[in-house]
Amino acid sequence: MCPRLPAGWLGLAKGSTMIAHCLLLETDRDGLVLVDTGFGLRDVADHKRVPGLFRALMRPALAGPETAHGQITALGLSPNDVQHIVLTHLDLDHAGGIIDFPDATVHVHRSEHRAAMDRVRRTDRRRYMPAQWAHAPKWALYEPTGDTWRGVPSISQLRGVHEDIGLLPMTGHTLGHSAVTVRAGEQWLVHAGDAYFNRASVIPNGKVPGGITFFEKQVESDRPARLASLAALTKLRVEHSDIAMFCAHDPAEYAALVNK
Ligand SMILES: [Zn+2]
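In numbering that gives the first Met the number 0, the protein residues as written are 0 to 259.
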């Protein structure tokens, strides 16, 4: 995405774009697992599926090769092998690709699913696009069970998934927003979705660009919950050196991760 806002205000390098980080996991026992799906092929084929205001402000590329489906194919893998999709939330820039993997089970927090299906509030009608799940996916819905991960409430076991992949409810951006935890050898990956938008947000006393702070307030569903989630993620990041944490949209954070 190339937001129609001053790059510096958003903490982006000039000419840099905002990414939508879809994390693909090749597993021994569960085939391919996709964490978040970005926009999908249908959104590319018909840009009007994405609301005009979003397109005007965020200017998403909406290009076939950039979709998760396109990138999986380019890696020489088969999109048919995507057995599970784990979503941080159901916003239009995260759920657009689920329809490209119609046989996959879609794992998401129950509160998020409810908010997206009901679309009671005006903000929900802007952010959730029913056309993106018109194919009636196999949903697997979760609510907190009393389980914890590193002291934080978690859903550590996803139905039908053998690998250590879990949901860490981090609500506030949306009502059922979650981070996704993945064990990768000695390390744990934490995909924080839209719990934050700039890496400085999870550094104690980090200087978050003004435009990001403004934007986060415009698109939040529950401010106290969002700030509590941010504090919990910051604590996790600071206290555990085996955690690699990243959000969905920060290009510099993504580049640092890829270059490791
Ligand atoms: Zn997003």
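Built from N, CA and C at the ideal position, the CB exists for glycine as well.
None of the values given here were measured: they were computed from a predicted structure.
Less than 8 Å between the CB atoms is what I'm expecting for isoleucine 97 and glutamine 131, so what's the real figure, rounded? Indexing the sequence shown from 1 puts residue 97 at position 98. Indexing the sequence shown from 1 puts residue 131 at position 132. Indeed they touch by this definition, with Cβ atoms about 7 Å apart.
Could you check if alanine 115 is buried or exposed, using at least 16 other CB atoms within 10 Å of its CB as the buried criterion? Your numbering for residue 115 matches position 116 in the sequence shown. Classification for alanine 115: buried.
Is glutamine 217 helix, strand or coil by DSSP? The sequence position of residue 217 within the sequence shown is 218, counting from 1. Looking at glutamine 217 - three-state DSSP - the assignment turns out to be helix.
According to DSSP, is isoleucine 97 helix, strand or coil? Residue numbering aside, residue 97 sits at position 98 when the sequence shown is read from its first letter. Reduced to three states, the DSSP call for isoleucine 97 is helix.
So, at 8 Å on beta carbons, what are the nonlocal neighbours of glycine 30 in its own chain, with the 5 sequence-adjacent residues on each side left out? Translated into positions along the sequence shown, residue 30 becomes position 31. Excluding sequence neighbours, glycine 30 sits near Asp80, Val81, Gln82, His83.
Taking valine 160 as the reference, which of Ser77, Val119, Ile18, Glu25 has the closest Cα? Taking the sequence shown and counting its residues from 1, the one referred to as residue 160 is at position 161. Ranking Ser77, Val119, Ile18, Glu25 by Cα distance to valine 160 puts Glu25 first.
Just to check, is the beta-carbon of aspartate 92 closer than 6 Å to a non-hydrogen atom of ligand 1? Position 93 of the sequence shown, counted from the start, is the residue given in the question as residue 92. Yes, the beta carbon of aspartate 92 sits closer than 6 Å to at least one heavy atom of ligand 1.
Answer yes or no: the CB of aspartate 193 versus the heavy atoms of ligand 1, is any distance below 6 Å? Here residue 193 refers to the residue found at position 194 of the sequence shown. Yes.
Spatial distance of alanine 61 from glycine 39 (CA atoms): By one-based count along the sequence shown, residue 61 stands at place 62. By one-based count along the sequence shown, residue 39 stands at place 40. A quick correction: the sequence has leucine, not alanine, at residue 61. Using only the alpha carbons, I get a separation of about 8 Å.
Would the segment 187-198 count as touching the segment 127-146 if we require 3 or more Cβ pairs under 8 Å? no
Grab the span of the beta strand (DSSP E) containing glycine 69 for me, first residue to last. What you label residue 69 is simply residue 70 of the sequence shown in a count that begins at 1. Glycine 69 -> not in any beta strand (DSSP E); alpha helix (DSSP H) instead, spanning 67-73.
Endpoints, beta strand (DSSP E) assigned at methionine 17: Walking along the sequence shown from the start, residue 17 turns up at place 18. Note, methionine 17: premise wrong, no beta strand (DSSP E); not H, not E.
Between alanine 254 and ligand 1, is the CB less than 6 Å from at least one heavy atom? Your numbering for residue 254 matches position 255 in the sequence shown. Checking the Cβ of alanine 254 against ligand 1 gives no.
Contact belief for isoleucine 71 with leucine 22 at Cβ below 8 Å, rounded distance in angstroms: For this step, residue 71 is matched to residue 72 along the sequence shown. For this step, residue 22 is matched to residue 23 along the sequence shown. Contact flag wrong, Cβ pair sits at about 12 Å.
Take leucine 9 and list the residues in its own chain whose beta-carbon comes closer than 7 Å to its own, dropping the five residues that flank it on each side. As a first step, residue 9 must be located in the sequence shown, where it is residue number 10. The residues are Pro2, Pro208, Gly210, Ile211.
Proximity of arginine 109 and arginine 118 at Cβ, strictly below 7 Å: For this step, residue 109 is matched to residue 110 along the sequence shown. For this step, residue 118 is matched to residue 119 along the sequence shown. Going by C-beta atoms, arginine 109 is not nearer than 7 Å to arginine 118.
Please find out if some non-hydrogen atom of ligand 1 comes closer than 6 Å to the beta-carbon of alanine 44. Along the sequence shown, read from residue 1 onward, the residue named residue 44 stands at position 45. Every heavy atom of ligand 1 is 6 Å or more from the Cβ of alanine 44, so no.
Spell out the partners DSSP gives isoleucine 242 in its beta bridges. On the sequence shown, residue 242 is found 243 positions in, with the first residue counted as 1. Beta-bridge pairing links isoleucine 242 to Trp187.
Buried or exposed: where does valine 32 fall if 16 or more other Cβ atoms within 10 Å of its Cβ makes it buried? To locate residue 32, count along the sequence shown from 1; it is residue 33. Buried is the call here.
When DSSP labels each residue in this structure, what does valine 201 get in the three-state scheme? Taking the first residue of the sequence shown as 1, we reach residue 201 at position 202. Of the three classes helix, strand and coil, the one that applies to valine 201 here is helix, per DSSP.
Could you pull the DSSP bridge partners for valine 105 from this structure? Locating residue 105 in the sequence shown gives position 106, counting from the first residue. Note: valine 105 sits in a beta bridge opposite Ile84, Trp138.
Does the distance from the C-beta atom of arginine 182 to that of aspartate 163 stay below 7 Å? Here residue 182 refers to the residue found at position 183 of the sequence shown. Here residue 163 refers to the residue found at position 164 of the sequence shown. Cβ atoms of arginine 182 and aspartate 163: closer than 7 Å.
Given the structure, does alanine 67 come close to ligand 1, in the sense that its CB is under 6 Å from one of the ligand's heavy atoms? As a first step, residue 67 is located in the sequence shown; it is residue number 68 there, counting from the start. No, the beta carbon of alanine 67 sits no closer than 6 Å to any heavy atom of ligand 1.
Residue closest to threonine 87, alpha-carbon to alpha-carbon, out of Ala73, Gly14, Ala191: Taking the first residue of the sequence shown as 1, we reach residue 87 at position 88. Ranking Ala73, Gly14, Ala191 by Cα distance to threonine 87 puts Ala191 first.
Put proline 59 into one of helix, strand or coil per three-state DSSP. The residue given as residue 59 occupies position 60 in the sequence shown. Proline 59 falls in the coil class under three-state DSSP.
Leucine 40 - containing alpha helix (DSSP H), residue span: The residue given as residue 40 occupies position 41 in the sequence shown. Counting along the chain, the alpha helix (DSSP H) containing leucine 40 begins and ends at 40-44.
Going by DSSP in three states, glycine 51 sits in which element: helix, strand or coil? Along the sequence shown, one-based indexing puts residue 51 at 52. The answer is helix: DSSP assigns glycine 51 an H, G or I state.
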